[in-house]
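For the sequence shown, the residue numbers in this note's numbering are 1 to 336. Note that CB positions come from ideal geometry on N, CA and C, so glycine has one too. Note that the structure is predicted; figures quoted are calculated from it, not measured.
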Amino acid sequence: MHFTLGKACSPGIMFPTNSTNSIFSTFLLTGIPGLEAVHVWISIPFCAMFLMTGVGNVTIMTLIWKEHALHVPMYLFLAMLAVSDLGLSLFTFPTMLRIFWLDARELTFPVCSTQMFFIHTFQISESAIMLAMAFDRYVAISRPLHYSSILTNSVIARIGLAIFVRTLTVQVPLPILLRGLCFCHSNVLSHSYCLHPDILKLSCSSTKINSTVGLFVVLSTMGLDFLLILFSYVLILKTVLSIASHGGRLKALNTCISHLSAVILFFTPMICLSILHRFGPKLPAHVYVTMANMHFLIPPVMNPIVYVVKTKQIRDKILKLVIKKGPGESQVTFIT
Numbered sequence: 001m002h003f004t005l006g007k008a009c010s011p012g013i014m015f016p017t018n019s020t021n022s023i024f025s026t027f028l029l030t031g032i033p034g035l036e037a038v039h040v041w042i043s044i045p046f047c048a049m050f051l052m053t054g055v056g057n058v059t060i061m062t063l064i065w066k067e068h069a070l071h072v073p074m075y076l077f078l079a080m081l082a083v084s085d086l087g088l089s090l091f092t093f094p095t096m097l098r099i100f101w102l103d104a105r106e107l108t109f110p111v112c113s114t115q116m117f118f119i120h121t122f123q124i125s126e127s128a129i130m131l132a133m134a135f136d137r138y139v140a141i142s143r144p145l146h147y148s149s150i151l152t153n154s155v156i157a158r159i160g161l162a163i164f165v166r167t168l169t170v171q172v173p174l175p176i177l178l179r180g181l182c183f184c185h186s187n188v189l190s191h192s193y194c195l196h197p198d199i200l201k202l203s204c205s206s207t208k209i210n211s212t213v214g215l216f217v218v219l220s221t222m223g224l225d226f227l228l229i230l231f232s233y234v235l236i237l238k239t240v241l242s243i244a245s246h247g248g249r250l251k252a253l254n255t256c257i258s259h260l261s262a263v264i265l266f267f268t269p270m271i272c273l274s275i276l277h278r279f280g281p282k283l284p285a286h287v288y289v290t291m292a293n294m295h296f297l298i299p300p301v302m303n304p305i306v307y308v309v310k311t312k313q314i315r316d317k318i319l320k321l322v323i324k325k326g327p328g329e330s331q332v333t334f335i336t
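Here's what the structure looks like:
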């Protein structure tokens with residue numbers, strides 16, 4: 001359904017009522033192109049992923065909140081990552097499931113710009129949290145005796161505040177600048193959720209300022225974070241190689257596996273998608289949509305699983321929580 005605005009929507013651009021152009025105030029989301037007939041079946045794994053994301057991240061957050069033994073830098077950063085993952089999933093999965101179940105594709109401009117703001121906010125905050133976790137691993141390996149004195153609770157709180165302030169500072173201008181654009185010719189977005197570059201493609205106003213600001217935001221946040229994470233691991237590897245014993249080197253590297261897995265899950269789809277868009281061959285639309293979905297949907301699902309599997313302290317606490325006996329319960333003995 002097309003809605004026509006009765007006023008100019010960009011300075012210097014007027015569309016008369018008899019113009020062949022329609023000025024849209026709503027956007028239509030896209031499911032998975034070419035697979036519309038099986039959207040209901042596709043929704044089953046996506047629904048399962050959404051439930052796993054919620055259960056996994058809420059469990060991590062609750063466990064770290066309640067267990068005083070986990071109130072250490074590594075797990076406090078993990079709690080921040082779980083909050084970011086949960087927020088990202090809450091602003092992506094629901095609109096996808098609406099499309100798959102109800103074919104409800106329409107979003108008004110305010111709703112779309114709000115969703116865009118929160119998706120990119122949690123995306124950038126997750127990138128910054130991973131950088132903080134890389135710093136945490138570097139300090140833990142290179143300065144183990146001073147780890148607690150360097151990463152105190154007040155330092156962690158300041159890092160969290162810095163992530164929050166940086167994210168809001170770079171994200172707030174984007175939806176404000178979008179309000180000055182005019183959207184016509186088409187109102188069909190390429191994804192199942194609203195993203196800043198996708199919205200800009202539909203504008204018939206000049207998007208030079210928006211594109212410049214958007215590129216600056218990406219490069220100064222996720223781009224810079226990725227480079228600093230790489231640099232952190234160069235320093236970590238240098239420190240690990242200086243450890244005399246083979247067992248000591250393996251033990252030090254093992255503490256980084258969970259974080260490395262999270263970094264790979266988060267950045268690899270984004271980098272591959274960027275390369276394909278700019279240098280790769282022309283591929284079917286569903287390939288790009290699938291890779292974008294991997295970037296936004298897979299990390300929130302997999303991060304809790306990776307940390308539970310690879311982190312003994314969290315695994316033990318969860319097992320203790322699961323098999324904890326209530327008052328009056330009889331003890332059960334397992335024979336193996």
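Looking at the DSSP output, residue 25 bridges to nothing.
About 6 Å separates the beta carbons of residue 182 and residue 203, which is inside the 8 Å limit, making them a contact pair.
Residues of the same chain with their beta carbon placed closer than 6 Å to that of residue 102 are lacking, with the five preceding and five following residues left out of the count. Within 10 angstroms of the beta-carbon of residue 176 lie fewer than 16 other beta-carbons, which makes it exposed.
Note that the region 132-151 touches the region 64-83; at least 3 beta-carbon pairs, one per stretch, sit closer than 8 Å. In this structure, residue 57 places its C-beta atom within 8 Å of the C-beta atom of residue 300.
According to the DSSP assignment, residue 126 belongs to the alpha helix (DSSP H) that extends over 109-142. For residue 90, the closest of 131, 252, 50 and 46 by C-alpha to C-alpha distance is 50. For residue 198, the enclosing alpha helix (DSSP H) stretches over residues 196-200. For residue 185, no alpha helix (DSSP H) segment is defined, and its DSSP state is neither H nor E. Beta-bridge partners assigned by DSSP to residue 67: none are found. The region 100-120 makes contact with the region 25-33: 3 or more CB pairs, one atom from each, lie closer than 8 Å.
For residue 322, the enclosing alpha helix (DSSP H) starts and ends at 312-323. The shortest CA-to-CA distance from residue 236 to any of 254, 221 and 225 is the one to 254. In the structure shown, the three-state DSSP call for residue 274 is helix. Taken through DSSP and simplified to helix, strand or coil, residue 203 comes out as strand. Sequence-distant partners of residue 31 (beyond 5 residues in either direction) whose C-beta falls short of 7 Å from its own C-beta, in its chain, are 39, 99, 100 and 192. According to the DSSP assignment, residue 96 belongs to the alpha helix (DSSP H) that extends over 93-102. Taking a C-beta distance under 8 Å as the contact criterion, residue 298 and residue 265 qualify as a contact pair. Of the residues 62, 231, 256 and 240, the one whose Cα lies closest to the Cα of residue 306 is 256.
Judged by beta-carbon spacing, residue 81 lies within the 8 Å limit of residue 303, meaning their Cβ atoms are closer than that value. DSSP places residue 239 inside the alpha helix (DSSP H), whose first and last residues are 224-241. In this structure, residue 295 lies away from residue 196, with their beta-carbon atoms at least 8 Å apart.
Less than 8 Å separates the beta-carbon of residue 97 from that of residue 43.
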